[in-house]
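Participant:
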Amino acid sequence: SSGINAEYGGRDSPQELESARRILLRIGHYFQVQDDYLDCYGDPSVIGKIGTDIQEKKCSWLFLTASAIASPEQKELLFENYGKSDEASVAAVKALYNTLNIRQCYLDYSVKTYREICEIIEKDKSGLPSEIFSDFLDMIHKRSK
138 SSGINAEYGG RDSPQELESA RRILLRIGHY FQVQDDYLDC YGDPSVIGKI GTDIQEKKCS
198 WLFLTASAIA SPEQKELLFE NYGKSDEASV AAVKALYNTL NIRQCYLDYS VKTYREICEI
258 IEKDKSGLPS EIFSDFLDMI HKRSK
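This note's numbering puts the first residue of the sequence shown at 138, with every later residue one more than the last.
1. Measuring only the C-alpha atoms, how far is I160 from P209?
2. Would a C-beta distance cut-off of 7 Å place L237 and L215 closer than the cut-off?
3. Am I right that I239 and L199 are in contact with their C-beta atoms under 8 Å? What's the rounded C-beta distance?
4. Closer than 6 Å by C-beta to S222: which residues in its own chain qualify, once you throw out the five before and the five after it? Chain order, please.
5. What do you get for N185, buried or exposed, if any count of 16 or more other CB atoms within 10 angstroms of its CB means buried?
6. Is the CB-CB distance between T250 and Y178 below 7 Å?
7. Would you mind giving the Cβ-Cβ distance between L265 and E155, rounded to the nearest angstrom? I have them listed as a contact below 8 Å.
8. Is the shortest distance between the beta-carbon of D149 and the beta-carbons of chain B less than 7 Å?
9. Are there 16 or more other CB atoms within 10 angstroms of the CB of G188, so buried, or fewer, so exposed?
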């Protein structure tokens with residue numbers, strides 16, 4: 138809230154702070170899901186690193202989504218290979234992600250979440266200038282790194 142306070146003259150009513158918190162938490166979650174997606178599917182020459190979430194057994198959105206939609210056999214494969222550093226295990230997880238169509242799950246999530254956040258911003262009645270949130274959201278929407 139200090140950045141908002143500095144830019145907009147000390148506006149810090151409880152309603153404004155709660156509204157900013159609610160919107161920014163949604164944007165932050167959206168950003169983290171994008172980061173998880175880019176770790177697996179992003180171009181290393183663009184994102185500046187080779188993703189290692191699978192090897193590091195991170196509790197990523199992709200892993201959680203795969204766990205939620207996988208059959209019992211697929212879950213067994215996922216849990217057997219997730220968190221291992223060898224190429225075969227990483228390839229098995231990525232192949233399962235492809236089988237489960239995780240890319241499309243992410244694209245659907247991204248479109249839905251972007252619209253929901255835009256709607257929250259549009260309906261906000263706190264008095265905060267909506268463009269501070271819209272501009273921030275647009276900055277991260279469809280990012281590639």
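Ideal Cβ placement from N, Cα and C applies to all residues, glycine included.
Facilitator: Inspection of the coordinates gives the following:
1. 36 Å
2. no
3. 5 Å
4. Q192
5. Note that residue 185 corresponds to Gly in the displayed sequence, not to Asn. G185 comes out exposed.
6. no
7. Between E155 and L265 the Cβ distance is about 11 Å, and since that is not below 8 Å, they are no contact.
8. Any reference to chain B falls outside this structure, which holds one protein chain only.
9. buried
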